[in-house]
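One structure is given here, and the rest of the page talks about it.
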Amino acid sequence: MKKAECNISDAEWIVMKVLWEETPSPLTSAKIVEAVSSKKKWSPKTIHSLISRLVKKGALGVNKEMPLYEYYPLVDKRDCVLEETRSFIKKVYDGSIHLMLANFIKEEKISEKEIEELERLLSKKNND
């Protein structure tokens, strides 16, 4: 998959998650509509519009050689998650990971297991 900008809306994320998580991919629009409809009460027309927007943005590819068009992701989920995370940190915390972590640690309940994992990640990062 190519590394591309993942400038997609919250609604488009739901469609992309279906394609990233459903196997096998590619999927027909009917399969996408079925999967999204089980999560959201959107009309098929709305879901088709989201698919079309994702194709125009270059996030989805389409195989037009089949009787029913098949859609597949052109962008990697991990790349999009990373890009969205960076955008969120920049927008909300002025790019400060420290402020974000401090806020979550002070305001959210964190399990012992999660604390250990964070400590492990920080220790590894410190040793890199």
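Note that our numbering numbers the sequence shown so that position 106 is 594, with each residue one more than the last.
Even glycine gets a Cβ: it sits at the ideal position worked out from N, Cα and C.
Following the continuous beta strand (DSSP E) through residue i, name the residue where it begins and the one where it ends.
i	result
E553	E553 -> no beta strand (DSSP E), and no H or E assigned at all.
Residues in the same chain with beta-carbon distance under 8 Å from residue i, minus the five sequence neighbours each way, listed in chain order, please.
i	result
S525	P532 and I535
I585	I577
Pull up the distance between the alpha-carbon of residue i and that of residue j, whole angstroms please.
i	j	result
S497	L515	20 Å
E596	M554	49 Å
W530	E500	12 Å
I603	V550	43 Å
A590	Y557	47 Å
Helix, strand or coil: how does DSSP classify residue i here?
i	result
P561	strand
E596	coil
Return the chain-ordered list of same chain residues with a C-beta closer than 6 Å to the C-beta of residue i, the five sequence neighbours on each side being excluded.
i	result
M588	I577 and Y581
Might you give, ordered along the chain, the residues of its own chain that have their beta carbon closer than 7 Å to the beta carbon of residue i, omitting 5 neighbours on each side?
i	result
E510	A523
I502	V524, K527 and K528
W508	P561 and K565
What are the boundary residues of the alpha helix (DSSP H) that residue i is part of?
i	result
S540	P532 to K545
E600	E600 to N615
K505	D498 to E509
S525	S517 to S525
Between residue i and chain B, is the shortest Cβ-Cβ distance under 9 Å, so that the two count as touching?
i	result
V524	In the structure shown, chain B cannot be found, because there is only a single protein chain.
Taking DSSP's pairing of strands, which residues face residue i in a bridge?
i	result
G549	Y560
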